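Protein chains in written order, with the working numbering: chain A, 1 to 10; chain B, 11 to 222.
Backbone N, C-alpha and C fix where the C-beta goes; we use that ideal spot for every residue, glycine too.
Note that the coordinates shown come from a computational prediction; the quantities given were computed from them, not determined experimentally.
Below you'll find the structure, written out as structure tokens, and then a few comments.
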């Protein structure tokens, strides 16, 4: 369920 | 990026600057919990360690810098410049009772057992309870300045908007992060009592005072 784009949220 | 997250980030930015301006203009931090501000500074510092290693976008990097700088500036104003107006008698929440359990939980429940990921998880868990000293302080003083209640409304709204952002991203991007969502729900639920008072009182021009 992890987002592939890494931490893209603040 | 979607409208919920953008409005959420702007609401977060607004909250931080409303507080910073309140303290700067009134040259007083009466009614503001310095402990919550320290926790928020810790939240941003532990969350944005990838500021220099993981470039997402100009917007992302710029906001991270602004959040860290403005929160550190707020802590500076409260504990150094306007220290005389800091109400330490009412700001008595034991933040070690937050930091230690949150730190332990971040070690136990995370997506990846690496330093950066554990610090990010710690930051997410800590943010969900970082407002408690402020809410505790208001319950002790029994009231809050109107500007402080606007600050809290904007701050509480930001994570509520993030919940909508996560619903949007789940359906349109298949993005889902259980840790962020659960912590975001806890964080938003902690504001419910305040939201009720804000909407029933402050919206009608009354002062926010807790039932004694």
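Own chain partners of residue i with C-beta closer than 6 Å, once the 5 adjacent residues on each side are dropped
i	result
residue 97(B)	40
residue 32(B)	157
residue 186(B)	180
residue 211(B)	218
residue 25(B)	161, 164, 165
Anticipated Cβ contact below 8 Å, residue i with residue j, distance rounded
i	j	result
residue 54(B)	residue 90(B)	Not really, about 19 Å apart at Cβ, beyond 8 Å.
residue 144(B)	residue 46(B)	4 Å
residue 223(B)	residue 23(B)	In this structure chain B extends from 11 to 222, so residue 223(B) is not present and cannot be described.
residue 74(B)	residue 58(B)	4 Å
residue 137(B)	residue 219(B)	Not confirmed; about 27 Å, so no contact.
residue 44(B)	residue 101(B)	6 Å
residue 168(B)	residue 71(B)	Actually they do not touch by this definition, with Cβ atoms about 19 Å apart.
residue 63(B)	residue 29(B)	Not confirmed; about 30 Å, so no contact.
residue 225(B)	residue 171(B)	The question about residue 225(B) has no answer here: the residues shown for chain B are numbered 11 through 222.
residue 178(B)	residue 14(B)	6 Å
Distance between residue j and residue i (C-alpha atoms, nearest Å)
i	j	result
residue 3(A)	residue 52(B)	Unreliable positioning characterises residue 3(A) in this predicted model, as indicated by a pLDDT of 46, which lies under 50. A coordinate reading is not provided.
residue 60(B)	residue 116(B)	18 Å
residue 191(B)	residue 173(B)	7 Å
residue 160(B)	residue 199(B)	18 Å
residue 147(B)	residue 109(B)	18 Å
residue 104(B)	residue 10(A)	27 Å
residue 184(B)	residue 8(A)	14 Å
residue 107(B)	residue 125(B)	22 Å
residue 121(B)	residue 48(B)	26 Å
Residue(s) in a DSSP beta bridge with residue i
i	result
residue 219(B)	153(B)
7 Å CB neighbourhood of residue i in its chain, flanking five on each side removed
i	result
residue 134(B)	189, 190, 193
residue 1(A)	The predicted model places residue 1(A) with a pLDDT of 40, which falls under 50 and marks its position as unreliable; any figure quoted below should be read in that light. There are no such residues.
residue 225(B)	Here chain B comprises residues numbered 11 to 222, so residue 225(B) is not present and cannot be evaluated.
residue 240(B)	No information on residue 240(B) is available, as it lies outside the stretch 11 to 222 that chain B covers here.
Short CB-CB distance (under 9 Å) between residue i and chain A
i	result
residue 169(B)	no
residue 163(B)	no
residue 190(B)	yes
residue 60(B)	yes
residue 172(B)	yes
residue 182(B)	no
residue 128(B)	no
residue 177(B)	no
residue 66(B)	yes
residue 132(B)	no
residue 50(B)	no
residue 77(B)	yes
Other residues of its chain near residue i: CB distance less than 8 Å, five sequence neighbours each side excluded
i	result
residue 37(B)	92, 95
residue 112(B)	132, 135, 136, 139
residue 142(B)	46, 103, 108, 200
Residue i Cβ short of 8 Å to the ligand SAH heavy atom set
i	result
residue 75(B)	Because no ligand of any kind appears in the structure shown, any question about the ligand SAH cannot be addressed here.
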